[in-house]
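Data block below; observations after.
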Amino acid sequence: MGQSSLSSDSKTFYNFQAHPTALQRDENGTWHVRGYAEAKAILLGDTTQAGFSAELVKQMPLKIQQPVLFQAGAEHREQRAQIAKFFTPTFTQQQHAALMEKYADAIVDEFVRAGGGDLNKMTARMALAVAADVMGLTNSNRAHMARRLDTILHADMNFSAKSVQGIVRYVNVQWNMLLFYLFDVRPAIQFRKRAPQSDVISHLLAKGRSGTEILIECITYGAAGMVTTQEFICLATWQMLEHDALRQEFLRGDAETRYRILHELLRLDPVVAHLLRRAASDLCVPSGGATVTIPRGALIDLHLNEINADARAAGAEPLHLNSHRALEKSVPRSLMGFGAGPHRCVGEFIALAESDIFLQRLMRINTLKLVQAPKIQRNETIKGYELRELMLSV
Ligand code: HEM
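Position one of the sequence shown corresponds to residue 14 (my numbering), numbered consecutively onward.
Listed below in structure tokens is the structure:
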């Protein structure tokens, strides 16, 4: 816990120093990026994915088509163009908004009846329900699926150690993946073979993807779409409960005001805190009036907390919350909170819509109180925070 991201007398839970060096190579040859323009140039350049357990995905048999997050070039462009229709604001509104409202009503009502509870458990239910609908995982028991997916998404993926523990971890994850496939993914596939729907699994089936490929894609969406939104709603709740003026602005504001607040909160505390890439060829990156060459094969670590606080892009007082900050047209309001370049988050509109819907219902409860600030943990798959045991009362 440390320095403020909201105002000079408030706190954010990330304790970092805005680094003067936008681009820096460490003694192991890894490049660290802390400048917005430099990060954008790299993400638009010739790189491959090195985050989200990419090394594990590389161990998959060659004939298996990689999930969207790990594809590159023409194959990736084609896949993104084909799935784009499931993620537009209009499709989100027409297909998902009513269900999001129904889920949020049920979860918040239950919470009120119980007199409070652990917010992270509530947001897990919300995020799982929405991500499952988007994927088309609708033919199994949601609560059981949540448990199976949670075990996979929070597993310790460090299998490299040639130890008994490493093997046990590996077998455990494989076992849970098998259960997730048999009880959740396979029934969804079987149903959609008979009756295709407007969802990602139906699309993958139409493209001839195998059961294993669909399983891996579902896990990717679970990490990229579910864990992230679960944690983001917790972060936004925590900040609004700590800062009543922000909560009131959110509650009184129109959709544009509310979305600006959500973007600004994500800019200050990005859920995915590091993006990792490997240079696929020599990368020439303009920085500070010179051109720096990152050699082919080098690992690149993009530090999103610092990148989002780069005053050259975020403007004055970059560590303070200001949902009306003046930004250049080309700079998204959350800067790199949703990434940039070809792999920029496909689920941004879904994430914002579900967060907005859930938070409106929760924040409206007058007697809502923070009982216990959350324990801050780290999720190694998304390289970001997890806010555990965020206890609220009503
Ligand atoms: C607040 C919530 C969210 C945040 C902060 C977030 C953040 C991100 C970021 C930073 C990336 C870029 C990863 C990279 O470049 O390596 C990404 C990619 C992605 N996100 Fe999100 N995300 C969120 C919600 C969602 C949702 C709700 C979905 C879908 C249901 C989703 C699906 C994806 C997918 C499929 C990718 C990979 C896109 C590609 O590789 O082309 N995300 N997300």
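For every residue, glycine included, the Cβ atom is placed at its ideal position computed from N, Cα and C.
DSSP state of Thr242 mapped onto helix, strand, coil: In this structure, DSSP gives Thr242 a helical state, which the three-state scheme calls helix.
Same chain only: Cβ atoms within 8 Å of Asp378, ignoring 5 sequence neighbours per side: In the sequence on display, residue 378 carries Ile and not Asp. Once the five neighbours on either side are set aside, the close Cβ partners of Ile378 are Val121, Val125, Val407.
Spatial distance of Ile77 from Gly221 (CA atoms): Ile77 and Gly221: Cα-Cα distance of roughly 12 Å.
CB contact below 8 Å: Trp44 versus chain C: Absence of chain C from the displayed structure is noted, only one protein chain being present.
Val384, enclosing beta strand (DSSP E) - first and last residue: Counting along the chain, the beta strand (DSSP E) containing Val384 begins and ends at 382 to 385.
The region 317 to 328 in contact with the region 78 to 95 per 3-pair CB rule at 8 Å: Judged by Cβ distances under 8 Å, the region 317 to 328 makes no contact with the region 78 to 95, as fewer than three pairs qualify.
Residues of its chain near Asp39, where Cβ-Cβ distance is below 8 Å and the 5 sequence neighbours each way are ignored: Within the same chain, Asp39 has close Cβ partners His45.
Cα-Cα separation, Gln92 to Arg290: Cα to Cα, the separation comes out at about 20 Å.
Own chain residues within Cβ distance below 8 Å of Ser20, not counting five before or after: Here Ser20 scores only 35 on pLDDT, less than 50, and its place in the model is too uncertain to base an answer on.
Paired residues, beta bridge with Glu399 - DSSP: Looking at the DSSP output, Glu399 shares a beta bridge with Gln390.
DSSP-derived helix/strand/coil call for Ala208: Three-state result, Ala208: coil.
Which residues DSSP lists as bridging Gln37, in chain order: Partner(s): His45.
Range of the contiguous beta strand (DSSP E) that encloses Leu150: DSSP places Leu150 in no beta strand (DSSP E); its state is neither H nor E.
Closest Cα partner of Lys53 within the set Gly360, Lys382, Pro345, Tyr398: When Gly360, Lys382, Pro345, Tyr398 are compared, the shortest CA-CA separation from Lys53 is found for Pro345.
Run of the alpha helix (DSSP H) containing Gly58, from where it starts to where it stops: It is not in any alpha helix (DSSP H) - Gly58 carries neither H nor E in the DSSP assignment.
Same chain only: Cβ atoms within 6 Å of Asn185, ignoring 5 sequence neighbours per side: Nothing listed; no residue qualifies.
Residue range of the unbroken alpha helix (DSSP H) whose run includes Gln184: Going by the sequence as given, residue 184 is Val instead of Gln. Per DSSP, the unbroken alpha helix (DSSP H) holding Val184 starts and ends at 177 to 193.
Nearest-angstrom beta carbon gap, Thr164 and Asn189 [assumed within contact, 8 Å]: Contact holds; Cβ gap of about 5 Å.
CB-CB length for Asp369 against Arg271, believed under 8 Å: Yes, Asp369 and Arg271 are in contact; Cβ-Cβ is about 6 Å, under 8 Å.
Beta-bridge partners of Gly129, as assigned by DSSP: In DSSP, Gly129 forms a bridge with Ser406.
Environment of Thr380 [buried if 16+ CB atoms lie within 10 Å]: Result: exposed.
Alpha helix (DSSP H) segment containing Leu281, residue limits: For Leu281, the enclosing alpha helix (DSSP H) has its first and last residue at 268 to 281.
Any non-hydrogen atom of the ligand HEM within 7 Å of Thr241 CB: The beta carbon of Thr241 sits closer than 7 Å to at least one heavy atom of the ligand HEM.
Asp295, DSSP secondary structure in three states: In this structure, Asp295 counts as coil in the three-state DSSP scheme.
Whole beta strand (DSSP E) elements within the region 295 to 350, 3-residue minimum: Taking only runs of at least 3 residues, the beta strand (DSSP E) segments lying wholly in the region 295 to 350 are 296 to 300, 303 to 307, 312 to 316.
Run of the alpha helix (DSSP H) containing Gln78, from where it starts to where it stops: Per DSSP, Gln78 belongs to no alpha helix (DSSP H) and is neither H nor E.
Sheet register partners of Leu217 (DSSP bridge): Under DSSP, Leu217 forms no beta bridge with any residue.
Bridge partner(s) assigned by DSSP for Leu289: Note: Leu289 sits in a beta bridge opposite Asp314.
Cutoff 8 Å; reference Tyr49; Cβ partners in own chain excluding five residues on either side: Cβ neighbours of Tyr49 beyond the five flanking positions: Ile320, Asn321, Asp323, Arg325, Ala326, Ala327, Val344, Leu348, Met349.
Val359 vs Leu317 beta-carbon contact at 8 Å: Cβ distance not < 8 Å, so Val359 and Leu317 don't count as in contact.
Candidates Ala386, Asn392, Tyr398, of which the one nearest Leu405 by Cα: It is Ala386 whose Cα lies nearest to the Cα of Leu405.
C-alpha distance - Ala268 paired with Val177, whole-angstrom precision: Between Ala268 and Val177, the C-alpha separation is close to 53 Å.
Residue closest to His287, alpha-carbon to alpha-carbon, out of Gly397, Arg199, His216: Closest in alpha carbon position to His287, among Gly397, Arg199, His216, is Gly397.
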